[in-house]
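Line order of the protein sequences matches chains C and A.
Just so we're aligned, residue 1 is where the first sequence starts under UniProt numbering, counting upward by one.
Just so we're aligned, residue 1 is where the second sequence starts under UniProt numbering, counting upward by one.
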Amino acid sequence: MFFHIVLERNMQLHPRYFGRNLRDNLVSKLMKDVEGTCSGRHGFVVAITGIENIGKGLIRDGTGFVTFPVKYQCVVFRPFKGEILEAVVTMVNKMGFFAEAGPVQIFVSNHLIPDDMEFQSGDMPNYTTSDGSVKIQKDSEVRLKIIGTRVDATEIFCIGTIKDDFLGVINDPATA
Amino acid sequence: MSVEPFNRLVKLAARAFYDDITTKGDNQPKTGRSDNRGIAVVVLDALTRRQWVREEDLAKDLKLHSKQLRRTLRFFEEEKLVTRDHRKETAKGAKIYSAAVAATAEGQRTAKEGEEKIKLHTHSYCCLDYAQIYDVVRYRLHRLRKKLKDELENKNTVQEYICPNCGRRYNALDALRLVSPDDEYFHCENCNGELVAESDKLAAQEGGDGDDNARRRRREKLKDMLQKMEVQLKPLMDQLNRVKDLPVPEFGSLQAWEARASAAGRPVNGDSSSNDPFKSSQGLGYGRTPMTFIGETKVEVAFSGVEGKEEDVKSETASSDRKVLPPWMIKQGMNLTKEQRGEVKQESKMDGISSAEFSDDKKSNDDVDNKSLQDEYVKAYYAALLKKQQELEEAAKKQELLHAPNSNGVSESLSNRQVGMKSKREEDEGEDDVEWEEAPTGGSTGESYKVNDLNFEAEASGEEEDDIDWEDG
Ligand SMILES: [Zn+2]
Chain C
1 MFFHIVLERN MQLHPRYFGR NLRDNLVSKL MKDVEGTCSG RHGFVVAITG
51 IENIGKGLIR DGTGFVTFPV KYQCVVFRPF KGEILEAVVT MVNKMGFFAE
101 AGPVQIFVSN HLIPDDMEFQ SGDMPNYTTS DGSVKIQKDS EVRLKIIGTR
151 VDATEIFCIG TIKDDFLGVI NDPATA
Chain A
1 MSVEPFNRLV KLAARAFYDD ITTKGDNQPK TGRSDNRGIA VVVLDALTRR
51 QWVREEDLAK DLKLHSKQLR RTLRFFEEEK LVTRDHRKET AKGAKIYSAA
101 VAATAEGQRT AKEGEEKIKL HTHSYCCLDY AQIYDVVRYR LHRLRKKLKD
151 ELENKNTVQE YICPNCGRRY NALDALRLVS PDDEYFHCEN CNGELVAESD
201 KLAAQEGGDG DDNARRRRRE KLKDMLQKME VQLKPLMDQL NRVKDLPVPE
251 FGSLQAWEAR ASAAGRPVNG DSSSNDPFKS SQGLGYGRTP MTFIGETKVE
301 VAFSGVEGKE EDVKSETASS DRKVLPPWMI KQGMNLTKEQ RGEVKQESKM
351 DGISSAEFSD DKKSNDDVDN KSLQDEYVKA YYAALLKKQQ ELEEAAKKQE
401 LLHAPNSNGV SESLSNRQVG MKSKREEDEG EDDVEWEEAP TGGSTGESYK
451 VNDLNFEAEA SGEEEDDIDW EDG
């Protein structure tokens with residue numbers, strides 16, 4: 001799920017950036033530092049949308065670095081158990097398949113793939129129904145439901161299922 | 001538009017899902033006396049005999065405290081079984097009251113008087129929403145079944161993997177670390193052995209350790225639960241199938257319903273309620289329409305059908321094509337029905353009284369409402385009454401003897417013989433409070449007044465009502 005929230009971060013800025021463009025430098029450094037990172041608490045920071053407030057800088061003794069407390073608005077993406085996501089298959093093997101929904105990696109184990117889909121090994125390993133009408137392989141787009149998440153301080157990993165109503169392949173690259 | 005199959009659906013659902021619902025606030029201690037489980041079923045049953053009803057009137061009919069009733073109704077509103085409507089109405093009674101108050105305390109109240117005169121009172125009305133009930137019950141069953149089945153099929157469980165070499169366990173959340181670039185299997189981080197999915201292993205060796213045993217037990221339990229659910233809720237599911245293609249009774253909004261009811265040209269209040277000082281003082285008097293009568297009559301037959309079959313005593317009144325309820329339902333549900341106005345242990349003497357009153361009542365009502373259904377009902381009723389007359393008197397005598405020790409056991413056995421009559425009496429009571437006040441044969445009218453007062457003061461729970469009925473007789 002996506003959220004638009006306000007986060008705060010202490011930014012350390014090298015003295016060489018001081019000057020007319022201090023603020024711009026601060027913001028671009030913030031973007032570089034924060035976008036694409038993941039925190040267990042808030043999820044993945046997708047994009048910074050605005051700066052709320054930059055506090056007074058504090059000069060560090062000895063180094064000359066200045067610490068600015070920066071409040072910024074950002075869009076975060078945090079997967080939840082029970083959430084339905086659309087994802088792109090990245091790898092298929094005998095144990096199941098991996099898929100990505102943006103920055104999130106999801107594993108769907110073979111017992112959560114419908115029983116009528118069988119694993120076919122080969123150049124392009126895939127899961128296929130007996131009549132061949134539905135095929136899951138690399139780059140397939142699937143709709144899946146998250147049934148478990150592992151949230152570490154800097155990482156979120158999910159496991160999902162496609163064994164439920166309206167889940168499964170939504171766009172097969174082979175036929176597209 | 002037949003309401004009966006839907007009413008049966010409501011009753012079955014009430015007993016299946018709301019049997020042990022208690023609407024007490026959490027802060028109140030759940031003592032035996034204030035335990036109001038079963039009230040939910042009573043309220044739903046009462047609503048099946050009505051259409052739109054003013055909640056105050058319903059509370060009075062059920063001899064419940066209006067607060068308690070409101071709490072229950074609010075619960076059902078959240079459960080989407082009941083629609084409610086609130087609106088402001090001028091209440092004559094309130095006006096008279098405030099005028100009286102102003103007269104007694106004239107000096108200080110003059111300023112306030114005018115303000116109070118135009119004060120409107122909010123009255124709440126409620127009605128079963130059959131269309132929604134049908135959907136809600138189906139959805140509930142669907143969720144129940146799905147949840148159990150999902151768990152049974154390990155649908156939403158995290159797959160576990162075991163290394164056959166070193167016994168190390170992993171689960172699907174570790175998958176990212178376990179993939180190997182070389183082949184299509186997961187590999188142990190420890191010894192690089194090929195991991196085996198837990199369920200495969202379980203199938204391979206049925207013996208298993210304690211963990212597996214627990215899992216198997218759980219599976220058994222789930223299977224058992226699913227099976228029990230299918231069996232025990234079968235009547236409910238059958239009823240759902242039965243009403244599937246029937247047109248759903250639709251009463252519309254309160255306003256629409258009222259418009260229709262008055263267009264039908266029936267007097268909104270029979271003389272029954274004009275006898276009632278409390279009711280007639282309530283101004284607009286939307287209390288009940290004769291349509292409710294019809295509904296009640298039908299329902300009444302259903303009840304005596306069930307109970308009559310149970311006993312095989314008075315099957316004349318009980319002649320009905322209804323299926324006998326399964327035993328588990330009779331045990332719980334029927335008890336509750338009798339409890340409806342709190343008289344599981346109701347004396348047969350009460351029956352004598354109320355039936356006499358009932359006939360009075362009927363006479364007066366016949367002038368007002370000549371629906372054929374009702375006539376039929378009266379006929380059937382008289383037949384039963386005649387047949388039972390002697391037995392009733394005898395029972396009444398016995399009851400007098402029993403009255404002093406308040407012995408529950410004995411009276412229960414008596415009431416068992418009177419079940420058919422009793423259900424009738426319940427209906428009467430639900431319909432008209434008048435009987436209570438007329439009560440000529442009982443010779444204890446004063447007492448019943450007092451009792452009613454008590455009822456309003458105290459939190460009226462089912463048990464209390466039991467006591468009241470005892471006193472009444
Ligand atoms: Zn190992």
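Cβ atoms here follow ideal geometry from the backbone N, Cα and C, with glycine treated the same way.
*Mind listing the chain C neighbours of A/Q159? Cutoff is C-beta to C-beta under 7 Å, in chain order.*
S109, H111
*asked:* Please report whether the beta-carbon of C/S140 lies at a distance below 8 Å from any beta-carbon of chain A.
replied: no
*Which bits of chain A does C/P79 rub up against, with CB to CB less than 8 Å?*
Chain A residues near C/P79: none, gap ~13 Å exceeds 8 Å.
*Cβ of A/R215 versus every heavy atom of ligand 1: is any distance shorter than 7 Å?*
no
*Helix, strand or coil at A/A13 according to DSSP, with G and I counted as helix*: helix
_Status (buried if at least 16 other CB within 10 Å, exposed otherwise) for A/E230_ = exposed
*Any C-beta of chain C sitting closer than 8 Å to the C-beta of A/L176?*
yes
*Residue environment, C/P79, which counts as buried when at least 16 other CB atoms sit within 10 Å*: buried
*May I ask you to verify whether the segment 9–20 of chain A touches the segment 108–117 of chain C, counting CB pairs closer than 8 Å and requiring at least 3?*
no
*Where A/Y134 and A/E151 are concerned, what is the direct C-alpha to C-alpha distance, given to the nearest angstrom?*
26 Å
_Using a Cβ-Cβ distance cut-off of 8 Å, determine whether A/V196 contacts chain C._
no
*asked:* Does chain C have any CB closer than 8 Å to the CB of A/A256?
replied: no
*Proximal residues of chain A, C-beta to C-beta of C/R150 below 7 Å*: L173
*How big is the Cα-Cα spacing for A/K149 and A/L226?*
8 Å
*Kindly list, in the order they appear in chain A, the residues whose Cβ is closer than 7 Å to that of C/Q105.*
L176
*Buried versus exposed call for A/Y170 [16 or more other C-beta atoms within 10 Å across all chains shown]*: buried
*Is there at least one non-hydrogen atom of ligand 1 closer than 7 Å to the beta-carbon of C/G50?*
no
_Is the beta carbon of C/E83 closer than 8 Å to that of C/M1?_
yes
*List the residues of chain E whose Cβ lies closer than 9 Å to the Cβ of C/I159, in chain order.*
Of the protein chains in the structure, C and A, none is chain E.
_Using only CA atoms, which one of A/A259, A/Q389, A/H187, A/E258 lies nearest to C/N93?_
A/H187
*What are the boundary residues of the alpha helix (DSSP H) that includes A/H142?*
130–152
*asked:* Can you confirm whether C/N93, when its beta carbon is compared against all beta carbons of chain A, has any partner nearer than 8 Å?
replied: yes
_Let me confirm a value: C/R20 is counted as buried when at least 16 other C-beta atoms fall within 10 Å, else exposed. Which label applies?_
exposed
*So A/N241 is in the alpha helix (DSSP H); what residue range does that whole segment cover?*
234–243
*Would you mind working out which of C/H4, C/F3, C/Y72 sits nearest C/D33, comparing C-alpha positions?*
C/Y72
*Say whether chain C places a C-beta atom closer than 8 Å to the C-beta of A/Y185.*
yes
*Cα separation between A/D182 and C/F98?*
16 Å
*How would you call A/Y382, buried or exposed, if buried means at least 16 neighbouring beta carbons within 10 angstroms?*
exposed
*If you pair each beta-carbon of the segment 54–64 of chain C with each one of the segment 130–149 of chain C, do three or more pairs fall below 8 Å?*
no
*Between which two residues does the alpha helix (DSSP H) carrying C/Q31 extend?*
Note that residue 31 of chain C corresponds to Met in the displayed sequence, not to Gln. Residues 22–34.
*Within 6 Å of ligand 1: residues by beta-carbon to any heavy atom*: A/C163, A/N165, A/C166, A/R168, A/C188, A/N190, A/C191, A/G193
*For the beta strand (DSSP E) holding A/S66, just list the boundary residues, first then last.*
Here A/S66 belongs to no beta strand (DSSP E); instead the alpha helix (DSSP H) covers 66–78.
_Does C/F68 come out as helix, strand or coil in the three-state DSSP assignment?_
strand
_A/A256, DSSP secondary structure in three states_ = helix
_Cut-off 6 Å between Cβ atoms - residues of its own chain near A/L47, not counting five sequence neighbours on either side_ = L128
*Excluding the five sequence neighbours on either side, which residues of its own chain have a C-beta within less than 6 Å of the C-beta of A/K80, listed in chain order?*
Q132, V136
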